[in-house]
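Engineer: For any residue, its number in the working numbering is found by taking its place in the sequence shown, counting from 1, and adding 4.
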Amino acid sequence: MNLTYTLTTIIVLYQNCMSVTLEQNTDANGSIITAPNAGLVLLYQGQYRPSNRVIFSTAMLPMTTETCYLLPIAAARKIPACNNFTSNIRHKRLVGDIISIGMSTVALGTATTSLVLTKSLQKKVNEFEGQLQTFSNRVEVGEARMIQFDKNQIRFGLSLQQTEHLVNSTVDRVNQHSTTLEIQNNRLDEHQQFLKSLQQRIIDNEQATANQFLHLAIHDITSNKPTLSFLHPLDMNSVVKSILQQNNISIPVTAEQLPIVELIMKLILRQQIEFIPAERYSNTSNIEIGKLMFTTFYALPNEQQSDFSIYKTITSPFIHHNKIVRLAQMPTYIGINRKTNSSISWTNDDMASCIFHLVTTCRETPAEKASQYGNTCLEQIMIGKALKNCRTEHTSTNLPYIQQLQSGRWLISTNTTSLHCIKTQIEERLTKEATVWNDNTQITIPPMAIITVNNGTTIQCPGFNLPGPAIPETRSTINIIRNLSTIEEHSDIIDIHKDIIANTTWEKLPYLNDEIDQLLQEMSLQQASTTPQSNNIQWHNQHSGKLMICLAILIAALIVVSALIILYLKRSNNNKITITLP
Numbered sequence: 005m006n007l008t009y010t011l012t013t014i015i016v017l018y019q020n021c022m023s024v025t026l027e028q029n030t031d032a033n034g035s036i037i038t039a040p041n042a043g044l045v046l047l048y049q050g051q052y053r054p055s056n057r058v059i060f061s062t063a064m065l066p067m068t069t070e071t072c073y074l075l076p077i078a079a080a081r082k083i084p085a086c087n088n089f090t091s092n093i094r095h096k097r098l099v100g101d102i103i104s105i106g107m108s109t110v111a112l113g114t115a116t117t118s119l120v121l122t123k124s125l126q127k128k129v130n131e132f133e134g135q136l137q138t139f140s141n142r143v144e145v146g147e148a149r150m151i152q153f154d155k156n157q158i159r160f161g162l163s164l165q166q167t168e169h170l171v172n173s174t175v176d177r178v179n180q181h182s183t184t185l186e187i188q189n190n191r192l193d194e195h196q197q198f199l200k201s202l203q204q205r206i207i208d209n210e211q212a213t214a215n216q217f218l219h220l221a222i223h224d225i226t227s228n229k230p231t232l233s234f235l236h237p238l239d240m241n242s243v244v245k246s247i248l249q250q251n252n253i254s255i256p257v258t259a260e261q262l263p264i265v266e267l268i269m270k271l272i273l274r275q276q277i278e279f280i281p282a283e284r285y286s287n288t289s290n291i292e293i294g295k296l297m298f299t300t301f302y303a304l305p306n307e308q309q310s311d312f313s314i315y316k317t318i319t320s321p322f323i324h325h326n327k328i329v330r331l332a333q334m335p336t337y338i339g340i341n342r343k344t345n346s347s348i349s350w351t352n353d354d355m356a357s358c359i360f361h362l363v364t365t366c367r368e369t370p371a372e373k374a375s376q377y378g379n380t381c382l383e384q385i386m387i388g389k390a391l392k393n394c395r396t397e398h399t400s401t402n403l404p405y406i407q408q409l410q411s412g413r414w415l416i417s418t419n420t421t422s423l424h425c426i427k428t429q430i431e432e433r434l435t436k437e438a439t440v441w442n443d444n445t446q447i448t449i450p451p452m453a454i455i456t457v458n459n460g461t462t463i464q465c466p467g468f469n470l471p472g473p474a475i476p477e478t479r480s481t482i483n484i485i486r487n488l489s490t491i492e493e494h495s496d497i498i499d500i501h502k503d504i505i506a507n508t509t510w511e512k513l514p515y516l517n518d519e520i521d522q523l524l525q526e527m528s529l530q531q532a533s534t535t536p537q538s539n540n541i542q543w544h545n546q547h548s549g550k551l552m553i554c555l556a557i558l559i560a561a562l563i564v565v566s567a568l569i570i571l572y573l574k575r576s577n578n579n580k581i582t583i584t585l586p
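1) Roughly how many whole angstroms lie between the Cα atoms of valine 58 and leucine 271?
2) Is cysteine 86 near leucine 74, with beta carbons less than 8 angstroms apart?
3) With DSSP collapsed to three states, give me the class of isoleucine 387.
4) Does asparagine 179 come out as helix, strand or coil in the three-state DSSP assignment?
5) Return helix, strand or coil for serine 566, following the three-state DSSP convention.
6) Just curious, the beta strand (DSSP E) that arginine 81 is in, first and last residue?
7) In the segment 404-472, which residue ranges form an unbroken beta strand (DSSP E) of at least 3 residues, counting only runs that do not cross its ends?
8) DSSP state of asparagine 326, grouped into three classes?
9) For serine 349 versus serine 375, is the C-beta distance shorter than 8 angstroms?
10) Using the C-alpha atoms, what's the distance from cysteine 358 back to asparagine 352?
11) Look at threonine 420 and threonine 462 and say whether their C-beta atoms are less than 8 angstroms apart.
12) By the three-class DSSP mapping on this structure, what secondary structure does isoleucine 475 have?
13) Using the Cβ count rule (16 or more neighbours within 10 Å means buried), how would you classify valine 129?
14) Counting along the chain, where does the alpha helix (DSSP H) carrying valine 363 start and finish?
15) Could you give the distance in angstroms between the alpha-carbon of glycine 43 and the alpha-carbon of isoleucine 504?
16) Which two residues bound the contiguous alpha helix (DSSP H) that contains lysine 316?
17) Out of Asn459, Glu70, Ser246, Gly161, which one is the CA nearest neighbour of valine 265?
18) State the beta-bridge partners of valine 58 as determined by DSSP.
19) Look at proline 305 and valine 244 and say whether their C-beta atoms are less than 8 angstroms apart.
20) Rounded to the nearest angstrom, what separates glutamine 249 and arginine 191 at their Cα positions?
21) If we call anything under 8 angstroms between Cβ atoms a contact, is phenylalanine 298 one with arginine 274?
22) Which residue from Thr231, Ser242, Ala212 puts its Cα closest to that of alanine 221?
23) Work out the CA separation of glutamate 368 and alanine 227 for me, nearest whole Å.
24) When you compare each of Ala453, Arg395, Thr401 to asparagine 507 by their alpha carbons, which one comes out closest?
25) Quick check: the Cα distance between asparagine 459 and phenylalanine 360, rounded to an integer number of angstroms?
26) Quick one, which of His398, Ile387, Thr365 has its alpha-carbon nearest serine 489's?
27) As a quick exercise: from Ile385, Gln276, Ala303, His398, pick the residue whose alpha carbon is nearest that of lysine 327.
28) How would you label histidine 236, buried or exposed, when you count the other beta carbons within 10 angstroms and need 16 or more for buried?
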């Protein structure tokens, strides 16, 4: 007993040590972890940063009577200026009101006509006074010249006549210039009116455009779509600067090609809209009926990284029993904490609040589970044990399946036994003339493999090409989980097919969901409950055919015997002849 207990303890300690060693070996940030026997690849994304800081920003937009249709119905009913949108009641006018309106209109027209005539008469009087003044000046000039008229009457008469003609022509020119100036003034007034109208149209167009963007923003918010389109570009710039400066958000390399506003919108947690009537903050009557307040809540990632390493899970399809299957029930992303031996996972349904392709943060962090209570299949894969809890599921993915893991690194799965491809490398060789050489090498690729293509190289296969990166890049290492250990693989072609077709560690049983499993259990229970009754009628069920045959033979024999007896009796009656003598 002591020896057995000692051996058991040693085996358990050895397995624990192997598990810890494996966990430590797989803790390679930036590396790729693959389990060839399951067709699983884990891509390292980064250290998880939970979004446990919530801030908010508020934007208040003034609302006028022209934007009543954007208000909530309950708020619009309380505003008198918006009654047209909530009430369609129209009161009839009385006859007296109509008569008074008509008289007022006639009086207004008469007054307007009188005013126009008065202004015209005043203008004529002013012109007549000007002409009288001109004639008075001419008389004074004539009187002054009459003193010297005696000396040379003819000469002065001619001069006077010429002067009169000059004065008349000057007056005509002045009148023409006055008419021209009046026309120019009228045109200038028309241009001023046109400019005012154009300015008002521009203001109206700007307001209409703003209202349209405001309506789209309200529609997106009510549809649970985060948006910042209700902000003016200058205000949006201020909001983005405030969030970046006050909260010290570090932008990763993966998100450098994305606009900052898009990254900020990915962090929006919730948005709400509230209307504040003008009566609450102003007593003066104004065209403004209130303010529409937009409150946006942002879930910002923590500055300190957590102990969870985020990996993206990729399951490669493969052919099993003439069907295309893959590893079943795998999460989309998984976070592994090797210090506490726990994990967190996200499925496709949980990815709405995560932006792992940009920043390793998520607005909602799932529950942390210990390894023994989490995904047992994934735990067996990570430790390197036999995959007893792993199942397969049918997939509609067509082969060949090609997935880019990194720049120049590919995961492929085909339906052929092997692929004969050509590796093409372009080189520039220094000669007298500039030439480009292509070095072609024939290679054989397994049906399932991870292929690394160097820069300036392309692998051409039947039906697809695998290009390499344009410039040299530093690639992460690939850790392979196999036989309770991990090893680093540096070869360009990693064969997955030979491990996945071997059934030594994985039986590849199909996955059954809970409903089918429960149905099978109920069927087995019903079969177990009906077993005694089936045993009672088992002999009858087995020999029912034989009994029917025996019964038919017996009936046929009885019919034959009966026929023979009847025939015999008839013959006996015919042989008894009675002779009567006289």
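Glycine included, C-beta positions come from ideal geometry on N, C-alpha and C.
Quick caveat, the model's predicted, so the values are computed rather than measured.
Structural biologist: In terms of the structure at hand:
1) The count along the sequence shown starts at 1 and reaches residue 58 at position 54. The count along the sequence shown starts at 1 and reaches residue 271 at position 267. Approximately 10 angstroms between the Cα atoms of the pair.
2) Locating residue 86 in the sequence shown gives position 82, where the first residue counts as 1. Locating residue 74 in the sequence shown gives position 70, where the first residue counts as 1. No, the Cβ-Cβ distance between cysteine 86 and leucine 74 is not below 8 angstroms.
3) Mapped onto the sequence shown, residue 387 falls at position 383. Isoleucine 387 falls in the helix class under three-state DSSP.
4) As a first step, residue 179 must be located in the sequence shown, where it is residue number 175. If DSSP states are grouped into helix, strand and coil, asparagine 179 belongs with the helices.
5) As a first step, residue 566 must be located in the sequence shown, where it is residue number 562. Serine 566 falls in the helix class under three-state DSSP.
6) Working through the sequence shown from its first residue, we reach residue 81 at position 77. Looking at the DSSP string, arginine 81 is not in any beta strand (DSSP E); the run it does join, the alpha helix (DSSP H), is 77-81.
7) The segment 404-472 contains these whole beta strand (DSSP E) runs: 405-410, 413-417, 423-433, 439-449, 452-456, 461-465, 468-471.
8) As a working note, residue 326 is residue 322 in the sequence shown. Correct three-state label for asparagine 326: coil.
9) Mapped onto the sequence shown, residue 349 falls at position 345. Mapped onto the sequence shown, residue 375 falls at position 371. Judged by their CB atoms, serine 349 and serine 375 are not nearer to each other than the 8 angstroms cut-off.
10) Here the question's residue 352 lines up with position 348 in the sequence shown. Here the question's residue 358 lines up with position 354 in the sequence shown. Their Cα atoms are separated by approximately 10 angstroms.
11) The residue given as residue 420 occupies position 416 in the sequence shown. The residue given as residue 462 occupies position 458 in the sequence shown. Result no, Cβ atoms of threonine 420 and threonine 462 do not sit closer than 8 angstroms.
12) As a first step, residue 475 must be located in the sequence shown, where it is residue number 471. In the structure shown, isoleucine 475 adopts coil according to DSSP, grouped into three states.
13) Here residue 129 corresponds to residue number 125 of the sequence shown, with the count starting at 1. Label assigned to valine 129: exposed.
14) If you number the sequence shown from 1, residue 363 lands on position 359. Segment: none, valine 363 is in no alpha helix (DSSP H) and carries neither H nor E.
15) Here residue 43 corresponds to residue number 39 of the sequence shown, with the count starting at 1. Here residue 504 corresponds to residue number 500 of the sequence shown, with the count starting at 1. Near 7 angstroms, if we compare the C-alpha coordinates of isoleucine 504 and glycine 43.
16) On the sequence shown, residue 316 is found 312 positions in, with the first residue counted as 1. Counting along the chain, lysine 316 falls outside any alpha helix (DSSP H), though it belongs to the beta strand (DSSP E) covering 313-319.
17) Here residue 265 corresponds to residue number 261 of the sequence shown, with the count starting at 1. It is Ser246.
18) The residue given as residue 58 occupies position 54 in the sequence shown. Within the DSSP bridge table, the entry for valine 58 names Ala303 as partners.
19) The sequence position of residue 305 within the sequence shown is 301, counting from 1. The sequence position of residue 244 within the sequence shown is 240, counting from 1. Going by C-beta atoms, proline 305 is not nearer than 8 angstroms to valine 244.
20) As a first step, residue 249 must be located in the sequence shown, where it is residue number 245. As a first step, residue 191 must be located in the sequence shown, where it is residue number 187. The straight-line gap from Cα to Cα measures roughly 55 angstroms.
21) As a position in the sequence shown, residue 298 is number 294, starting the count at 1. As a position in the sequence shown, residue 274 is number 270, starting the count at 1. Their beta carbons are not under 8 angstroms apart, which means phenylalanine 298 does not touch arginine 274 by this criterion.
22) Here the question's residue 221 lines up with position 217 in the sequence shown. Minimum Cα distance to alanine 221 is reached at Thr231.
23) By 1-based counting over the sequence shown, the position of residue 227 is 223. By 1-based counting over the sequence shown, the position of residue 368 is 364. Residue identity check: residue 227 is serine in the sequence provided, not alanine. So the two alpha carbons sit approximately 20 angstroms from each other.
24) Within the sequence shown, the letter at position 503 stands for residue 507. Nearest neighbour of asparagine 507 by Cα position, chosen from Ala453, Arg395, Thr401, turns out to be Arg395.
25) As a first step, residue 459 is located in the sequence shown; it is residue number 455 there, counting from the start. As a first step, residue 360 is located in the sequence shown; it is residue number 356 there, counting from the start. Those two C-alpha atoms are separated by around 27 angstroms.
26) On the sequence shown, residue 489 is found 485 positions in, with the first residue counted as 1. Selected option, being the one with the closest Cα: Ile387.
27) Working through the sequence shown from its first residue, we reach residue 327 at position 323. Measuring C-alpha to C-alpha distances from lysine 327 to each of Ile385, Gln276, Ala303, His398 identifies His398 as the nearest.
28) As a working note, residue 236 is residue 232 in the sequence shown. Around the beta-carbon of histidine 236, fewer than 16 other beta-carbon atoms lie within 10 Å, marking it exposed.
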